[in-house]
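All letters in the sequence shown, in the order written, are residues 2 to 294 by the working numbering.
First the structure, in the form of structure tokens, and then the observations on it.
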Amino acid sequence: MKTKHVQQILPPPPSHMVGDGFRVHNFFPHGYDIQPHRMSPFYLLDYNAKIDFCPRETPRGVGVHPHRGFETVTIVYSGKVAHHDSRGNRGVVGPGDIQWMTAGAGVLHKEYHEAEYSRKGGPFHVVQLWVNLPASYKMSEPGYQPITNEMIPKYILPEEGGTADVIAGTFKGVQGIARTFTPIEMYNLRLKGKTALAFTLPRDYNTGILVVEGNLRVNGNEMAPADNFILFRNDGEKITLETEESTTALVLSGQPIKEPIVAYGPFLMNTKEEIMDAFHDLNSGKFGKLEDE
Ligand code: MN
């Protein structure tokens, strides 16, 4: 097995607010000069590094907005996110939980701090990914996978080294829980104290690791501190990670979707015409109805 080498270790780019509830570092597609296909099928990575929100009666968040042509994946480390969509789905995503929403042909949704968390305030630490869909699935029926931490299969590392939450794909024989449209590997590594591990991913899969907490030594040399994103070359299979302290890291790896990308606002399609269609369908009510409260 050849090593999958580090291409670059990216520190968090300057943050911006999404609505008034999410202070995110956008690693791609805007934060760095990374081509839109470089991390395909992952199109966007918004990282709300851990911050403390002060208590507030009216929850902060993002009001009603549409999506079409992809999936949004919300991964919560601290705090709680509440959401509603125009298909009647609603729920709360707490620490360790995942919300995997297939926008497909189109939904309206809103994303807020959960009411009780908002009243108390405290640490908030969240990732949102946009996972692209291939042309053949862009207009599929919208769907929704609420995945609680208890539901996520876990690989137990030897010698009390921690666990790997297998969100999607397969990690050392443990099969992940999320249903995906294209081959994706996604794990939350929760390493305890001094730990080392090695694993393999297909050579041609675009691969990155977000260090959520702690730090990682990668392939025996490069050091990646918390809140950094490790971008790998597509030159081998094997990744070795070591840490001296408790560390949480999100592994993202997937088979690239080799199709044209035309992105505009909340839509991710293959052609300009499809973007126009999305606006037309949105304006004619095809995304359903959802009220701001
Ligand atoms: Mn959204």
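Heads up, the beta-carbon is just placed ideally off N, CA and C, and yes, glycines get one too.
DSSP places K139 inside the alpha helix (DSSP H), whose first and last residues are 136–139.
Residue state for I157 is assigned as strand, using DSSP reduced to three classes.
For A179, there is no enclosing beta strand (DSSP E), since its DSSP letter is neither H nor E.
Between the C-alpha atoms of V65 and G289 there is a straight-line separation of about 11 Å. Inter-segment contact for the stretch 123–137 and the stretch 37–54 is present: three or more beta-carbon pairs are separated by less than 8 Å.
When the beta-carbon positions are compared, H114 and H84 stay at least 7 Å from each other. Along the length of the stretch 259–285, whole alpha helix (DSSP H) runs at least 4 residues long occupy 273–284, reported in chain order. The C-beta of N222 has fewer than 16 other C-beta atoms within 10 Å across all chains shown, which makes the residue exposed. Non-local C-beta neighbours of E246 in its own chain, meaning closer than 6 Å and more than five positions away in sequence, comprise G215, ordered along the chain. The criterion of a C-beta distance shorter than 7 Å is satisfied by T164 and R191. When only Cα atoms are considered, Y118 and T4 end up about 43 Å apart. For S16, the three-state secondary structure derived from DSSP is strand. DSSP places E72 in the strand class (E or B) of the three-state scheme. As the crow flies, the alpha-carbon of V63 is around 14 Å from that of T73. Where Y145 is concerned, there is no enclosing alpha helix (DSSP H), although the beta strand (DSSP E) around it starts and stops at 144–148. In the structure shown, the three-state DSSP call for Y33 is coil. Each residue's CA atom was taken as its position, placing F200 and T241 some 7 Å apart. Scanning its chain for C-beta atoms nearer than 8 Å, with the 5 sequence neighbours on each side dropped, one finds around G174 the residues Y156, in chain order. Taking a C-beta distance under 7 Å as the contact criterion, L217 and A225 qualify as a contact pair. R91 counts as exposed, since fewer than 16 other beta carbons sit within 10 angstroms of its beta carbon. The stretch 195–213 makes no contact with the stretch 137–155; the number of CB pairs closer than 8 Å stays below 3. Listed in chain order, the non-local C-beta contacts of F268 below 7 Å within the same chain comprise R69, G70, I276, A279, local neighbours out to five positions each way being set aside. Among the bridge pairs identified by DSSP, A197 is matched with E243. DSSP places Y206 in the coil class of the three-state scheme, outside both helix and strand. From the listed residues G170, L283, R204, M2, the smallest Cα separation to Y188 is found for G170. Between the beta-carbon of V108 and that of V94 there is about 16 Å, and that puts the pair past the 8 Å contact cut.
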